[in-house]
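Protein chains in written order, with this note's numbering: chain A, 36 to 341; chain B, 24 to 304. Data first, discussion second: the structure below is written as structure tokens.
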């Protein structure tokens, strides 16, 4: 058996889900006895059979990847419950094993996978999908790129109808449930679990989830952003959200204003004041950045300096 | 032999791993630490707090990069995009040398996120050495490969683990990150004498040493990095230093992480085994 054959066989066995008792499956995916499969390439020793040695890796794999998703998606876990969450994660990882060098990206395909497997999140599918989108947005916002903040001195402002670039880490998501508040509350319950019992904390979470799930869906326009390297949620008016989405899509200022207010009953005479207010507020939060091309120009010119 | 080509001719002392629970203490108290080891992958990101913290650390401390995902033994060719990101980080940290594991962990782009053991064959050694050379040539800094803890052995193996390690590092002309805890763990799991391992590797290629704690189970030992270093591992460390001289040493503590002071004090015990440091203290 050559190197590649061993690696294929071992990875296949390692990534096969564990039994409910967290042991290695007795059968490989092709129906062969796992004891025979293991014995073909792994030596036993005086304490462990080939199967048991391979099982150590099998268990470590699943404990590691499940712990990673458990850490990244506490909101989804609270909505569907720990047992169902564990089963969902196993099914997801069988269909979507990691394709990245980092566990940070393990949940990157969870939302799209859930959309094609809604049975895992029924009857709270919309709520659960909202939560997954929020939790993934939080991951992206935490370590996304930040470009130099746009300053009043930047030439861009003097253009007649400028485009504005938003910080790459900024995440704009439209939700149907107030999962931002729910996630904050769930985290608080978890951090207070040390003081109360885990059972009390879990009951509290379930009550919160039920309360939100009973609400009539209503649009929540949310920005997931960073202040001093910590991630925060900020709700916006629908017009403001549409405006930011338009800017992110590369629309000019005037086009973004038109899009933002096309279905709004705000009087035209108030538009300038509203938009100015947005700019002041968002500039304070550092949401606007210099366009990448401007940064590159700036770098090139500084490199040219003697 | 404190400095050699495989650690960039540096003379680093005893360091510890840079871990999140210690960020605040390090940044506010600015403790005296010879150097920090960082996990490269934690900083191969586009922005945010981890990079901000790293910048502050780099202002005061020397940093060496340690990777967990290069998978020199995996069948895929080296991923150039990954290497570009890694090289950007290397430039940022100015790490004098870079370490990763002598293992595999992925096949056809699917990742196990584990450090899976190599079959000790000449075919595997050739394949692995070729990838190490390619990475070193791209990154343009010395590479040292770390022996991993293992729980399985393969029928096809043609040599001992230390012979395989020697075969790989000599073919690749790279250094060794000698993890004496991993040697101990594997020696118990596979019934070999750990002294044979330490004596068997080319000491002149040892760029760095890792020490750590582990967890003992009924039938095997797991490399968990969640306990202090046990005496038999210190004994192996003493032997490694005796053979190779004072070498950059790093304590790994990755789970149930105690206070910074506790981790640092545990690491500094290494100085007891270095004659010139023992006299000085």
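Don't be surprised by glycine CBs; every beta carbon is placed ideally from N, CA and C.
Does the Cβ of residue i have 16 or more other Cβ atoms within 10 Å, making it buried, or fewer, making it exposed?
i: residue 252 of chain A; result: exposed
i: residue 248 of chain B; result: buried
i: residue 239 of chain A; result: buried
i: residue 34 of chain B; result: exposed
i: residue 99 of chain B; result: exposed
i: residue 232 of chain A; result: exposed
i: residue 158 of chain A; result: exposed
i: residue 56 of chain A; result: exposed
i: residue 298 of chain B; result: exposed
i: residue 109 of chain A; result: buried
i: residue 153 of chain A; result: exposed
i: residue 219 of chain B; result: exposed
i: residue 24 of chain B; result: Unreliable positioning characterises residue 24 of chain B in this predicted model, as indicated by a pLDDT of 48, which lies under 50. A coordinate reading is not provided.
i: residue 67 of chain A; result: exposed
i: residue 290 of chain B; result: buried
i: residue 195 of chain B; result: buried
i: residue 284 of chain B; result: exposed
i: residue 116 of chain B; result: buried
i: residue 340 of chain A; result: Note on residue 340 of chain A: pLDDT 39, under 50, position unreliable in the model; no value is reported.
i: residue 170 of chain B; result: buried
i: residue 254 of chain A; result: exposed
i: residue 234 of chain A; result: exposed
i: residue 42 of chain B; result: buried
So, using beta-carbon positions, are residue i and residue j closer together than 8 Å?
i: residue 111 of chain A; j: residue 170 of chain A; result: yes
i: residue 285 of chain A; j: residue 198 of chain A; result: yes
i: residue 212 of chain A; j: residue 250 of chain A; result: yes
i: residue 158 of chain B; j: residue 106 of chain B; result: yes
i: residue 42 of chain A; j: residue 51 of chain A; result: no
i: residue 256 of chain A; j: residue 276 of chain A; result: yes
i: residue 3 of chain B; j: residue 181 of chain B; result: The structure shown does not extend to residue 3 of chain B, since chain B is modelled only from 24 to 304, so the question has no answer here.
i: residue 104 of chain A; j: residue 141 of chain A; result: yes
i: residue 151 of chain B; j: residue 95 of chain B; result: yes
i: residue 118 of chain B; j: residue 38 of chain A; result: no
i: residue 162 of chain A; j: residue 248 of chain A; result: yes
i: residue 245 of chain A; j: residue 208 of chain A; result: no
i: residue 92 of chain B; j: residue 64 of chain B; result: yes
i: residue 68 of chain B; j: residue 287 of chain B; result: no
Could you tell me which residues DSSP pairs with residue i in its beta bridges?
i: residue 129 of chain B; result: B/134
i: residue 62 of chain A; result: A/68
i: residue 272 of chain B; result: B/37, B/232
i: residue 61 of chain B; result: B/88
i: residue 167 of chain B; result: B/122, B/198
i: residue 268 of chain A; result: A/259
i: residue 134 of chain A; result: DSSP, once it has assigned bridges, lists no residue as partnering residue 134 of chain A.
i: residue 324 of chain A; result: A/184, A/200
i: residue 177 of chain B; result: A/77
i: residue 91 of chain A; result: Per DSSP, none; premise fails for residue 91 of chain A.
i: residue 206 of chain A; result: A/259
i: residue 287 of chain A; result: A/198
i: residue 238 of chain B; result: B/245
i: residue 139 of chain B; result: B/127
Cutting at 7 Å between CB atoms, please list the residues of its own chain near residue i, excluding the five before and the five after it.
i: residue 299 of chain A; result: 274
i: residue 260 of chain B; result: 203, 232, 234, 293, 296
i: residue 66 of chain B; result: 73, 74, 77, 112
i: residue 37 of chain B; result: 57, 272, 290, 291, 293, 294
i: residue 296 of chain A; result: 274, 306
i: residue 121 of chain A; result: 101
Apart from the five residues just before and just after residue i, which ones in its own chain have a Cβ nearer than 8 Å to its Cβ?
i: residue 230 of chain B; result: 27, 29, 30, 120, 122, 165, 167, 198, 199, 200, 270, 271
i: residue 176 of chain A; result: 204, 205, 206, 259, 260, 261, 266
i: residue 225 of chain B; result: 189, 192, 193, 199
i: residue 336 of chain A; result: For residue 336 of chain A, the predicted structure reports a pLDDT of 42, less than 50, and the residue's modelled location is therefore unreliable. A value from the coordinates is still provided. Cβ within range, chain order: n/a, list empty.
i: residue 131 of chain B; result: 98, 99
Leaving out five residues before and five after residue i in sequence, what residues of the same chain have Cβ atoms less than 6 Å from its Cβ?
i: residue 185 of chain A; result: 323, 324, 325
i: residue 173 of chain B; result: 140, 209
i: residue 49 of chain A; result: 92, 93, 96
i: residue 262 of chain B; result: 221
Are there three or more Cβ pairs, one per stretch, closer than 8 Å when the region 232-241 of chain B is compared with the region 194-213 of chain B? yes
Do three or more CB pairs link the region 40-60 of chain B to the region 261-277 of chain B at distances below 8 Å? yes
Taking contact to mean at least 3 C-beta pairs separated by less than 8 Å, is the region 203-216 of chain A in contact with the region 174-188 of chain A? yes
Any contact of the region 105-120 of chain A with the region 205-214 of chain B, i.e. 3+ C-beta pairs under 8 Å? no
For the region 69-83 of chain B against the region 134-149 of chain B, are there 3 or more C-beta pairs whose distance is under 8 Å? no
Inter-stretch contact at 8 Å, needing at least 3 Cβ pairs: the region 72-84 of chain A / the region 152-171 of chain B: no
Flag this pair as touching only if the region 177-193 of chain B and the region 40-50 of chain B have three or more C-beta atom pairs under 8 Å; answer yes or no. no
The region 146-166 of chain A touching the region 122-134 of chain A, judged by at least three CB pairs closer than 8 Å: yes
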